[in-house]
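Residues in the sequence shown are numbered consecutively from 6, following the numbering used here.
The beta-carbon is built from N, C-alpha and C at its ideal position, and this holds for glycine as well.
Taking it in order: structure first as structure tokens, then the write-up.
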Amino acid sequence: MLTAFFLHLSNPTLFHYNALIRGFANSNNPAKCFLIFAKMLLNAVVPDYLTYPFLAKAAARLSDRKAAGCIHGRVLRSDLASDLFICNSFIHMHGSAGEVASARKVFDEMPMRNFVSWNSMLDGYAKSGDVCSMRQVFGEMPERDVVSWSALIDGYVKDGDHTEALAVFEAMRADSPKANDVTMVSVLCACSHLGALEQGRAMHQYIAEERLPLTLVLRTSLVDMYVKCGAINEALVLFHEVKARKTDVLLWNAVIGGLATHALTSEALGIYAEMQDLGIRPDEITYLCLMSACAHGGLVEEAWGNFRSITSDGMVPKSEHYACMVDVLARAGRLDEACQLVCEMPMEPTPSTLGALLNGCINHREFDLAEIVGKRLVELDPAHDGRYVGLSNVYAVVRRWDKARSTREAMESRGVRKSPGHSCVEVCGVLHRFIAHDKAHPEIEEIYLMLVVIGEEIKFKVDDSERQEFASSFN
């Protein structure tokens, strides 16, 4: 409607161009902003301090580095380079486009900063995965609001440090800012990954007590948390309470994906059948969840059907879909089909795709193929300790100790260190983290004593089972 009105204007002004660019920046087609901007320049209309933030928003949504650089270059040639509004939008633009160094340069050269400046820089580091710089900026902030805390929590979640994300949330509560729905989505995501059900329930109670608006995204996060933590009934109760489930595919994906995680294949497929009955169209994530469920249930033909449906539904299979289908085939021992699919991929096989094939080769004792795949994984991902360990384990199984040793030596010579194994367990609502060879836990003596007791119990059970089997052989 806005475009039609614009086309009827004989001599559009700066106001009209800004209104149109702003509209497209918030639309499903933000790239159109740059076409409007080009026409604006051709008509000799000079952009102002409102034009560039709208363009920056479009570039940020597209994660378009080239567009970000062009927009920034034009501003540097104008008298708007120090405008606070523009600088803040550029920090966000560069951070969203993965150019955090450019965002930092804008931030450092600003003559004046406000809350938005600091929060945008914090968010940029969070998106880039630079946790150290993120924490440093957070520590240097003259003031912090709920947006600052939320960005920090989300940064730790994106980095995979979910325990720290929950610790930051507790620090936030002690500092008194009230969380919002964005904060709680990140916190619930951390609980989901840790399987921290009691903490997840506590977060649900916090949402109710603080009367936070239960947006669809927040409801979906709650359902996702419950189902991934194994509280299936609680998840389904919440799921069936949401009216939007009749239209929103994300909510269905959360349930199907969570059930797949717990290898509840028939339940996941049952939810999908209900989704189909309501006429809700699946998306790429839906098919990924379904294929994951099929992998756990050994349903190879069903997985193939879902894989082919991606194309028939007008979508293009991504590397994640190929990785999942390879996993299905490899688990079932159909390694020839898995290899053929890898060879037919329209993109370079990802480490996760080859990792699935490697696991299948090891499980089905195809060690010659496992060696080939393992070597390719090391070439693809030479900085990942797991690639060397996987190949070394292949050699160890076939007792090729010289090859196993040389693989470990190659890992060390390249400066790659093996990350220590760790696990988390929730006891009475408190999350305990255990790291291999770590003796810093305050109750380490009690822990090791309990491990000895458990070990003796297991030994006794095994010995008792063997005695019973031995006795029954005489009956």
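Collapsed DSSP secondary structure at Met455 in the structure displayed: helix
Boundaries of the alpha helix (DSSP H) in which Pro58 is found, first to last residue: Thr56 to Leu67
Distance CB(Glu371)-CB(Leu334) smaller than 7 angstroms: no
Own chain partners of Ala30 with C-beta closer than 8 angstroms, once the 5 adjacent residues on each side are dropped: Cys38, Phe59, Leu60, Lys62, Ala63 and Arg66
Contact check, Ala298 vs Ala259, beta carbons under 7 angstroms: no
Ala176 classed as buried or exposed, judged by whether at least 16 other C-beta atoms fall within 10 angstroms: exposed
Length at least 4, wholly inside the region 318 to 372: the alpha helix (DSSP H) runs in chain order: 324 to 336, 340 to 349 and 356 to 368, all fully within the region 318 to 372.
Supposed close pair Arg70, Glu104 - CB separation, criterion 8 angstroms: Taking the Cβ atoms as the reference, Arg70 lies roughly 6 angstroms from Glu104, within the contact range of under 8 angstroms.
Close Cβ partners of Met126 (< 6 angstroms) along its chain, the five nearest in sequence each way excluded: Ile96, Phe112 and Val142
For Val242, the nearest candidate out of Val228, Glu384 and Asp253 (CA to CA): Checking every option, the nearest Cα to that of Val242 belongs to Val228.
Beta-carbon spacing of Val403, Gly379 below 7 angstroms: No. Outside cutoff.
7 angstroms Cβ cutoff met for Asp159 and Ala184: Contact flag unset, no.
Sub-7 angstroms separation of Tyr277 and Leu304 beta-carbons: no
Cβ-Cβ distance between Leu382 and Leu359 below 7 angstroms: yes
Cβ neighbour criterion (16 or more within 10 Å) applied to Glu353: exposed
Inside the region 272 to 319 only - alpha helix (DSSP H) runs reaching at least 4 residues: 289 to 302 and 305 to 317
Within 7 angstroms, strictly: CB atoms of Val254 and Asp282: Not a contact, by the Cβ cut-off of 7 angstroms.
Extent of the continuous alpha helix (DSSP H) run through Ala213: Leu202 to Glu214
Whole-number beta carbon distance between Ala156 and Leu171, since they are thought to touch under 8 angstroms: The Cβ separation is near 16 angstroms, so there is no contact.
Where Asn34 sits in the DSSP three-state scheme: coil
Local Cβ density within 10 Å of Met455, reported as buried at 16 or more and exposed below that: exposed
Terminal residues of the alpha helix (DSSP H) in which Arg149 lies: No alpha helix (DSSP H) contains Arg149, which DSSP labels as neither H nor E.
Span separating the alpha-carbon of Gln345 from that of Cys75: 44 angstroms
Check whether Leu363 and Gly338 have beta carbons under 7 angstroms apart: no
Cβ neighbour criterion (16 or more within 10 Å) applied to Trp406: exposed
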